[in-house]
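J.: Residue numbers (our numbering): 3 to 678.
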């Protein structure tokens with residue numbers, strides 16, 4: 003530890019002067035996205051009289067990366083990045099087909115060393131503080147960011163975070179591949195032909211069970227970058243690349259000398275980036291989704307992200323780099339599914355893409371600048387079978403993801419039909435179904451709290467856990483006895499939060515935001531209660547608490563309004579299950595209150611919570627049910643005692659009992675969802 007601290011002080015002597023200086027801008031990372039952001043700020047005069055901090059463990063001396071993009075001569079990126087553009091080409095060739103002009107576009111090359119030199123120029127021009135360290139955590143306190151590194155803590159008003167992204171667990175229709183590459187910068191004895199032409203993709207190389215192609219950038223008459231690129235689940239190794247590169251270079255260029263080697267890996271992922279949203283911390287670059295998942299191109303996206311943020315700062319607007327999902331996200335998802343499951347199809351797909359379409363149109367398509375009509379023309383030229391298979395799989399996954407809400411709304415309609423057609427049998431049918439549901443999943447999903455708290459699926463019955471659990475429930479029951487109104491309000495609040503947490507976790511919709519989760523849970527509870535005002539008030543009277551001052555008609559109107567809110571929220575956030583649940587609760591006004599509550603509690607909440615526990619502990623239904631069984635039977639025993647000792651107001655007793663055993667469960671699951 004002392005050696006690390008000494009090394010840090012040697013590399014960062016400025017830290018001795020004022021290690022806790024407050025900076026206007028801080029940057030985590032010193033790569034291309036940081037450089038482009040500083041360039042954008044500089045062009046607007048936003049670095050003048052500003053204190054700036056850059057934190058990165060690497061000095062960025064080696065030429066470790068190559069960035070490429072295409073643009074028109076009139077585009078902002080062409081003019082504003084002229085200082086770091088090394089080479090330009092106006093022609094491309096794919097495989098061994100004829101050269102094709104991409105005019106008025108030019109394909110531009112930017113070397114990593116030029117990016118780093120530009121960064122050093124800006125650092126020296128504005129006396130920017132550069133620290134060679136790693137950012138560990140960032141905290142927002144009292145409108146100040148505390149940036150914790152291995153050595154110390156810095157403070158800043160605003161931070162641009164370009165650290166490598168981490169991803170949330172993949173959904174079934176998501177993919178996480180790698181675009182890995184190893185390239186040789188060579189000098190040749192013979193003069194290189196077609197120096198004004200980039201060989202974008204040459205698939206006439208060994209595929210090695212993946213999608214592989216050669217990429218050639220001629221720098222001058224006798225120098226070129228020849229790179230082998232792989233799209234696949236495994237990163238290409240030097241041993242795999244070397245024979246392929248040697249054979250290709252010798253056959254295309256003759257005698258050569260390697261003057262430099264470039265290697266790297268770009269994530270090709272459509273998984274959701276896992277970022278804690280911290281006020282005044284702005285993700286940039288790959289962390290902000292700048293990498294196009296199907297191709298790996300990122301430089302142009304990073305440039306325009308930087309421009310947008312600089313404009314936002316200049317005009318004091320909200321800062322955001324959020325990448326909205328669109329139809330191109332869908333196209334990319336299908337292609338990645340194909341590359342993941344049928345790697346050999348990459349070659350015919352990309353070859354056909356360029357053979358049957360003009361290169362300029364393909365580049366616009368990759369850049370997401372085509373119309374739907376142009377998209378259809380390009381997509382129709384591709385091999386149809388692999389895309390149909392990927393589409394079938396994608397749709398099937400989507401349907402499964404909304405399967406429970408769909409079944410729930412269908413079951414709600416069935417219950418309404420049974421109630422209308424055979425009312426005499428309705429109670430027997432619904433109570434039988436719900437008793438089974440409560441026994442199989444309703445109570446068991448809460449009877450696993452001992453496993454949730456210990457984090458060990460093999461955890462057995464613990465007496466101290468049972469005692470603590472019952473004490474929490476008992477204390478809350480005493481609150482009911484002393485002040486029922488307070489107990490009811492608390493029950494509604496933590497139930498809303500808990501229901502919302504589970505749903506948001508399932509729908510991947512801002513699950514970490516307790517406020518939004520609680521709002522959604524409040525909508526659910528309000529629709530259940532207001533849609534059955536008479537029954538609700540009857541229960542509340544038996545509890546000796548306040549009643550809802552609304553007529554049945556007003557309650558129904560309020561439920562309709564809340565349903566519209568829920569559907570609108572679902573449409574805005576593109577969460578179909580949210581829409582289905584809102585419609586289910588609206589239909590449930592035609593059913594009794596207890597029935598409506600059981601539909602949501604068992605059919606949505608309990609099944610969802612059970613699935614989350616099963617996935618988290620990597621277990622199966624039978625194992626978890628066996629683990630939950632002792633507590634499950636205990637809960638039924640306690641409920642039986644409660645019913646025996648209560649009068650005819652058993653519905654009120656049911657909700658009070660549920661509230662008491664729910665409190666310790668909600669506390670346990672709140673911790674579970676926060677840590678998940």
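We put the CB at the ideal spot given by N, CA and C, even for glycine.
Computed from a predicted structure; not experimentally measured.
Which runs of the alpha helix (DSSP H) at least 4 residues long sit entirely within the region 338-363? Give them in chain order.
T.: Here the runs fully enclosed are 348-357.
J.: Output the boundary residues of the beta strand (DSSP E) element that contains residue 93.
T.: Taking the chain shown and counting its residues from 1, the one referred to as residue 93 is at position 91. Run containing residue 93: 93-96, per the beta strand (DSSP E) assignment.
J.: If you draw a straight line from the alpha carbon of residue 141 to that of residue 500, how long is it in whole angstroms?
T.: In the chain shown, counting from the first residue as 1, residue 141 sits at position 139. In the chain shown, counting from the first residue as 1, residue 500 sits at position 498. Whole-angstrom Cα-Cα distance: 26 angstroms.
J.: Can you check the region 111-197 for any alpha helix (DSSP H) of at least 4 residues that lies completely inside it and give the ranges in chain order?
T.: For the region 111-197, whole alpha helix (DSSP H) runs of length 4 or above, ordered along the chain, are 114-127.
J.: Which partner residues of residue 429 appear in the DSSP bridge assignment?
T.: Counting from 1 along the chain shown, the entry for residue 429 is found at position 427. The partner list for residue 429 (beta bridge, DSSP) is empty, contrary to what the question assumes.
J.: Using DSSP's beta-bridge definition, name the partner residues of residue 228.
T.: Counting from one through the chain shown, the residue named residue 228 turns up at place 226. Answer is 186 and 218.
J.: Run the CB neighbour count on residue 513, radius 10 Å, all protein chains shown included, and call it buried at 16 or more, exposed below.
T.: Against the chain shown, residue 513 aligns to sequence position 511. Residue placement at residue 513 is poorly supported in this model, since its pLDDT is 49, which falls under 50; the coordinates still yield a value, given next. Per the 10 Å Cβ criterion, buried.
J.: Could you give the distance in angstroms between the alpha-carbon of residue 565 and the alpha-carbon of residue 522?
T.: If you number the chain shown from 1, residue 565 lands on position 563. If you number the chain shown from 1, residue 522 lands on position 520. Rounded to whole angstroms, residue 565 to residue 522 spans 11 angstroms at the Cα level.
J.: If you draw a straight line from the C-alpha of residue 213 to the C-alpha of residue 205, how long is it?
T.: For the purposes of this step, residue 213 is taken as residue 211 along the chain shown, with counting starting at 1. For the purposes of this step, residue 205 is taken as residue 203 along the chain shown, with counting starting at 1. Cα to Cα, residue 213 sits roughly 8 angstroms from residue 205.
J.: Rounded to the nearest angstrom, how far is the Cβ of residue 601 from that of residue 410, given a contact under 8 angstroms?
T.: Within the chain shown, residue 601 is the residue found at index 599, counting from 1. Within the chain shown, residue 410 is the residue found at index 408, counting from 1. About 7 angstroms separates the two Cβ atoms, so the contact holds.
J.: Can you give me the start and stop residues for the beta strand (DSSP E) that residue 594 sits inside?
T.: Walking along the chain shown from the start, residue 594 turns up at place 592. Careful: residue 594 lies outside any beta strand (DSSP E) and carries neither H nor E.
J.: Which residue wins for smallest C-alpha separation from residue 146, given the options 158, 135 and 153?
T.: Translated into the one-based positions of the chain shown, residue 146 becomes position 144. When only C-alpha atoms are compared, the closest one is 158.
J.: Return the bridge partner residues of residue 369 from the DSSP annotation.
T.: For the purposes of this step, residue 369 is identified with residue 367 of the chain shown, where counting begins at 1. Looking at the DSSP assignment, residue 369 forms no beta bridge with any residue, so it has no partner.
J.: Using the C-alpha atoms, what's the distance from residue 554 back to residue 504?
T.: Mapped onto the chain shown, residue 504 falls at position 502. Mapped onto the chain shown, residue 554 falls at position 552. Taking the straight line joining both Cα atoms gives about 30 angstroms.
J.: If you drop the 5 nearest sequence neighbours on each side, which residues of the same chain put their C-beta closer than 6 angstroms to that of residue 367?
T.: As a first step, residue 367 is located in the chain shown; it is residue number 365 there, counting from the start. So the qualifying residues of the chain are 380.
J.: Keeping to the same chain, check which residues put their C-beta closer than 7 angstroms to that of residue 170; ignore five residues upstream and five downstream.
T.: Against the chain shown, residue 170 aligns to sequence position 168. Excluding residues within five positions, the ones whose Cβ falls inside 7 angstroms are 273, 274 and 276.
J.: In this structure, how does DSSP classify residue 46 when only helix, strand and coil are distinguished?
T.: By one-based count along the chain shown, residue 46 stands at place 44. In the structure shown, residue 46 sits in coil (DSSP, three-state: anything other than H, G, I, E or B).
J.: Could you check whether the region 190-208 touches the region 280-298, counting it as contact only if at least three pairs of C-beta atoms, one from each stretch, sit closer than 8 angstroms?
T.: The region 190-208 is not in contact with the region 280-298.
J.: Among the residues of its own chain, which have a CB less than 8 angstroms from the CB of residue 94, if the five just before and after it don't count?
T.: The sequence position of residue 94 within the chain shown is 92, counting from 1. So the list reads 101, 102, 104, 109, 199, 200, 201, 202 and 361, once near-sequence residues are dropped.
J.: Do the region 176-190 and the region 72-82 meet, that is, are 3 or more Cβ pairs less than 8 angstroms apart?
T.: Contact between the region 176-190 and the region 72-82 is absent, because fewer than three Cβ pairs lie under 8 angstroms.
J.: Tell me residue 264's beta-bridge partners as DSSP assigns them.
T.: Stepping through the chain shown from its first residue, residue 264 is reached at position 262. In DSSP, residue 264 forms a bridge with 185.
J.: Going by DSSP, which residues form a beta bridge with residue 74?
T.: Counting from 1 along the chain shown, the entry for residue 74 is found at position 72. Partner(s): 107.
J.: Kindly indicate the opening and closing residues of the alpha helix (DSSP H) around residue 524.
T.: Reading the chain shown from its first residue, position 522 is the one you call residue 524. Where residue 524 is concerned, the enclosing alpha helix (DSSP H) stretches over 516-532.
J.: Suppose you measure from the CA of residue 527 to the CA of residue 350; what does that come to, to the nearest Å?
T.: Within the chain shown, the letter at position 525 stands for residue 527. Within the chain shown, the letter at position 348 stands for residue 350. Their Cα atoms are separated by approximately 54 angstroms.
J.: Would you mind reading off the limits of the alpha helix (DSSP H) that contains residue 499?
T.: Here residue 499 is taken as the residue at index 497 of the chain shown, counted from 1. 486-509 is the extent of the alpha helix (DSSP H) around residue 499.
J.: Would you identify the three-state DSSP class for residue 333, choosing helix, strand or coil?
T.: The residue labelled residue 333 in the question sits at position 331 within the chain shown. Correct three-state label for residue 333: helix.
J.: Using the beta-carbon count (16 or more within 10 Å), is residue 2 buried or exposed?
T.: Since the first residue shown for the chain is 3 and the last is 678, residue 2 is missing from the structure and cannot be characterised.
J.: In its own chain, which residues sit with a C-beta less than 7 angstroms from the C-beta of residue 113, not counting the 5 before and 5 after it?
T.: Counting from one through the chain shown, the residue named residue 113 turns up at place 111. Excluding positions up to five away in sequence, the list reads 65, 68 and 88.
J.: Under DSSP, the alpha helix (DSSP H) around residue 205 begins and ends at which residues?
T.: Here residue 205 is taken as the residue at index 203 of the chain shown, counted from 1. Run containing residue 205: none; DSSP gives neither H nor E here.
J.: What residue range is occupied by the uninterrupted beta strand (DSSP E) comprising residue 288?
T.: Taking the chain shown and counting its residues from 1, one reaches residue 288 at position 286. No beta strand (DSSP E) holds residue 288; DSSP gives it neither H nor E.
J.: Taking one C-beta from the region 659-671 and one from the region 448-459 each time, how about it: are there three or more such pairs within less than 8 angstroms?
T.: Contact between the region 659-671 and the region 448-459 is present, because at least three Cβ pairs lie under 8 angstroms.
J.: Let me confirm a value: residue 248 is counted as buried when at least 16 other C-beta atoms fall within 10 Å, else exposed. Which label applies?
T.: Here residue 248 refers to the residue found at position 246 when the chain shown is read from its first residue. Burial call: exposed.
J.: Between the C-alpha atoms of residue 261 and residue 224, what's the straight-line distance to the nearest angstrom?
T.: On the chain shown, residue 261 is found 259 positions in, with the first residue counted as 1. On the chain shown, residue 224 is found 222 positions in, with the first residue counted as 1. The alpha-carbon atoms of residue 261 and residue 224 are separated by roughly 12 angstroms.
J.: Select from 70, 97 and 96 the residue whose C-alpha is nearest the C-alpha of residue 84.
T.: The residue given as residue 84 occupies position 82 in the chain shown. Of the listed residues, the one whose Cα sits closest to residue 84 is 70.
J.: Taking all protein chains shown into account, do 16 or more other C-beta atoms lie within 10 angstroms of the C-beta of residue 36, making it buried, or fewer, making it exposed?
T.: Here residue 36 refers to the residue found at position 34 when the chain shown is read from its first residue. Classification of residue 36: buried, given that the 10 Å Cβ count is 16 or more.
J.: If you follow the beta strand (DSSP E) that residue 29 is in, where does it begin and where does it stop?
T.: Walking along the chain shown from the start, residue 29 turns up at place 27. From DSSP, the beta strand (DSSP E) with residue 29 extends over 24-30.
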